[in-house]
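Going by my numbering, the first residue of the sequence shown is number -15, and it counts up by one from there. By construction, the Cβ of each residue, glycine as well, lies at the ideal position given by its N, Cα and C atoms. Note that the coordinates shown come from a computational prediction; the quantities given were computed from them, not determined experimentally.
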Amino acid sequence: MLRLVAISDTHTHHQQLKVPDGDVFAHLGDYSKEGTAAETKSFLEWMSALPHKHKLLVVGNHDRKSFFNFTEPMLDCSYFEQYPGISFLIHSGLTIEGVRFYGCASMRMSKANPIRYGNPISEAPQTDVLLTHNAPKGILDQIVVESEFGMGVQNIGDQEVADFVRKNPPKVHVFGHIHAQHGYTKIGGTQFWNVAACDDKNILVHGCVEIDIPVVQETERSSNEEKESRSPNSSA
Ligand SMILES: [Zn+2]
């Protein structure tokens, strides 16, 4: 088993966290409030000091100022080279003990401003563990809204993320963004984890989530892939 320790939406409260041991630590974005250089520096220094062998970071909408040139200040990319122990998964992945991890930071700016930053998730490959900031639409993504008809709920997850996981179901999908929906559900063969640590008032109310993922032996995967590629009509 590979132990993944995951959290998101810590919104500058990372210093208060007790982080359990594990093989992989992943932060799913919104480590900051404003995405300033000072917040980013504080967080990256803290994260790089964690003892976990692999440290993965997918940035969130609050952090985007540090990574995407939509608003100032934008940090020089060489800044991130100071933290070689952290894998920044803007739109990339890596394989750890046979388990494929892929992080996609793509998000729409907001409903009112649908400009996307980052590559669309539809370009991501099939993976075992998918890491995104936003939730897939319809899964652990509800917020309570007040309208003229009274109180109701709305699903505000990302449709493109939902489409991707339906077509390419990972074993595990970890995300955050929707603060009120911290939790777990399983649909089909996929575990969905919303690991948002803060509540709606940005107060830290949850700790890290520990997720055990079976390791995949290379021989196992290649024999499974061989089975999958053998169609009933093939002559092989
Ligand atoms: Zn947040």
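Taking C-alpha atoms, which residue in the options lies nearest to residue i?
i, options, result
"V158", "E23, F27, I171 and I(-9)", "I(-9)"
"H38", "A164, E81, Q126 and A146", "E81"
"E18", "L41, H75 and D(-7)", "D(-7)"
"L40", "R84, K49 and T20", "R84"
"H75", "E107, F64, N45 and E65", "E107"
"L12", "D5, H46 and P153", "H46"
"Q143", "E65, T169, G69 and S90", "S90"
"P153", "H166, C192, Y86 and F9", "Y86"
"S32", "C182, A22, G69 and S26", "G69"
"I127", "I197, T79, A164 and W30", "A164"
"A22", "D14, S50 and F9", "S50"
"A180", "H166, T174 and K170", "H166"
"F64", "G77, F27 and P35", "F27"
"L282", "G44, C182, D5 and A119", "Nothing about residue 282 can be reported from this structure: the residues present for the chain run from -15 to 220 only."
"T174", "E132, R48, Q110 and G77", "Q110"
"G176", "D125, H(-2), N139 and M(-15)", "For the sequence presented, residue 176 should be read as Phe rather than Gly. It is D125 whose Cα lies nearest to the Cα of F176."
"Q201", "T79, Y67, L114 and D147", "T79"
Report the CB separation of residue i from residue j in whole angstroms; it is logged as a contact under 8 Å.
i, j, result
"G172", "G141", "Wrong, their Cβ atoms sit about 17 Å apart, outside the cutoff."
"H(-5)", "N186", "5 Å"
"V145", "T116", "6 Å"
"D7", "R(-13)", "5 Å"
"G44", "G191", "Wrong, their Cβ atoms sit about 18 Å apart, outside the cutoff."
Under 7 Å: does the beta carbon of residue i sit that close to some heavy atom of ligand 1?
i, result
"G44", "yes"
"A(-10)", "no"
"D14", "yes"
"H163", "yes"
"H38", "no"
"A180", "yes"
"D(-7)", "yes"
Count the other C-beta atoms from every protein chain shown that fall within 10 angstroms of the C-beta of residue i, then say buried if there are 16 or more, exposed otherwise.
i, result
"E150", "Strictly speaking, residue 150 in this sequence is Arg, with Glu absent from that position. By the neighbour-count rule (16 or more Cβ atoms within 10 Å), R150 is not buried but exposed."
"K2", "exposed"
"G136", "exposed"
"S71", "buried"
"V199", "exposed"
"T169", "exposed"
"G134", "exposed"
"V(-11)", "buried"
"V129", "exposed"
"P104", "exposed"
"D112", "buried"
"S16", "buried"
> What are the start and end residues of each continuous alpha helix (DSSP H) run of 4 or more residues lying completely inside the segment 137 to 208, in chain order?
Replying inline: 143 to 151
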